[in-house]
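Novice:
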Amino acid sequence: MTKNFNIWFKNFHAGIVLKVDVLIPTKDPSKIRPRLLQVLKGSDWVGEIIIETSKPLSRARVIGARKCSTEWIAMFDDDVEIPENWFDSILPFIQLKDILAISTPSIDVNNVHMIAYKRVMDHFRPLEQRDAPFIDNTLIKREVLLNYNPSPLFYSEDELLYRYIKKHGKWIHPPSCGVKHFLVMKDLVKAAIIMEQLGFYPLYKFLRSRVAYFTISILAIGYSHTYKTMTFFWKSNIKLMAGFLKARVNKKGII
């Protein structure tokens, strides 16, 4: 066990609660889910709640971390709601060696197509085993954010941070604890352009994921009970491929 976890364990039995500052990066504080704030304000583990509106998002995380004072920071996107036991579900994992960040798979509650897609994917490989950030609910070491100097990005900034963390330690995913994600669809063309220009995915991985979108979306109809699921993902695929091709044609820098 790490020194930090031993201290927490002793404090727990002594009735002393570990305090963690909370960071919510957002463009508009009014867009923060009321239930998220309600749970945070009613939790005894929460120290300061920092709402950071700096732009772009990649820099907001760093600037917000500077305003926090605790060793670990609980970082939430503004479009999530967390269960009251979120911290208890995450905390035991800080004892593991070289852990720098911990996040759980969230549930896209307002998009029936994404829900169905993830349910199919879960049959092939549990979501917590996927190599993805799940950045919308993350316990992360403050120090690693203070030493982070990201490109000024909104799209793909989560993947950029994820890869940075994994170069210096571990970012792990416990099983889902019930975090709800009220998904807001992004500009998929622009997202694909950024991913390609940053060189995140080799061509074969990009093509493999596009094939998965086409095929798994058909299976997902069994959960969504609507053929619109298939068209939703096929349209998304077309946008992603358009962005990928545009980036290949125009390689003058990040758009």
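All residue numbers for the sequence shown refer to the working numbering, where the first residue is 7 and numbers rise by one.
Built from N, CA and C at the ideal position, the CB exists for glycine as well.
#1: Would you identify the three-state DSSP class for K33, choosing helix, strand or coil?
#2: Straight-line CA distance for P139 to Y207?
#3: I'd like the span of the beta strand (DSSP E) that includes S215, first residue to last.
#4: Assuming the contact rule is C-beta atoms closer than 8 Å, T235 and A122 should be a hit. Round their C-beta distance to whole Å, please.
#5: What beta strand (DSSP E) runs, 3 residues minimum, are completely inside the stretch 101-138?
#6: Indicate the three-state DSSP secondary structure (helix, strand or coil) for I244 in the structure shown.
#7: Using the DSSP secondary-structure output, state which residues sit across from F82 in a beta bridge.
#8: Do S182 and E134 have their C-beta atoms within less than 8 Å of each other?
#9: Since I171 is in the alpha helix (DSSP H), which residue starts that stretch and which ends it?
#10: Classify P98: buried if its beta carbon has 16 or more other beta carbons within 10 angstroms, exposed otherwise.
#11: Considering only residues of the same chain and omitting the five flanking positions on each side of L166, which have a CB-CB separation below 8 Å?
#12: Leaving out five residues before and five after D104 in sequence, what residues of the same chain have Cβ atoms less than 7 Å from its Cβ?
Specialist: Reading off the structure:
#1: Here residue 33 refers to the residue found at position 27 of the sequence shown. Residue state, collapsed to three classes: coil.
#2: For this step, residue 139 is matched to residue 133 along the sequence shown. For this step, residue 207 is matched to residue 201 along the sequence shown. One C-alpha to the other measures close to 15 Å.
#3: In the sequence shown, counting from the first residue as 1, residue 215 sits at position 209. Careful: S215 lies outside any beta strand (DSSP E), inside the alpha helix (DSSP H) at L209 to S230.
#4: The count along the sequence shown starts at 1 and reaches residue 235 at position 229. The count along the sequence shown starts at 1 and reaches residue 122 at position 116. At roughly 6 Å, the Cβ-Cβ gap stays under 8 Å, so T235 and A122 are in contact.
#5: Listed in chain order, they are 105-109.
#6: Within the sequence shown, the letter at position 238 stands for residue 244. Here I244 sits in helix by DSSP.
#7: As a working note, residue 82 is residue 76 in the sequence shown. In the DSSP secondary-structure assignment, F82 is bridged to N143.
#8: Within the sequence shown, numbered from 1, the residue matching residue 182 stands at position 176. Within the sequence shown, numbered from 1, the residue matching residue 134 stands at position 128. Contact: yes.
#9: By 1-based counting over the sequence shown, the position of residue 171 is 165. Residue range E163 to H174 is occupied by the alpha helix (DSSP H) that includes I171.
#10: As a working mapping, residue 98 is identified with position 92 in the sequence shown. Label assigned to P98: exposed.
#11: For this step, residue 166 is matched to residue 160 along the sequence shown. Result list for L166: S64, P156, S157, L159 and L204, in chain order.
#12: Within the sequence shown, numbered from 1, the residue matching residue 104 stands at position 98. Around D104: G175 and K176.
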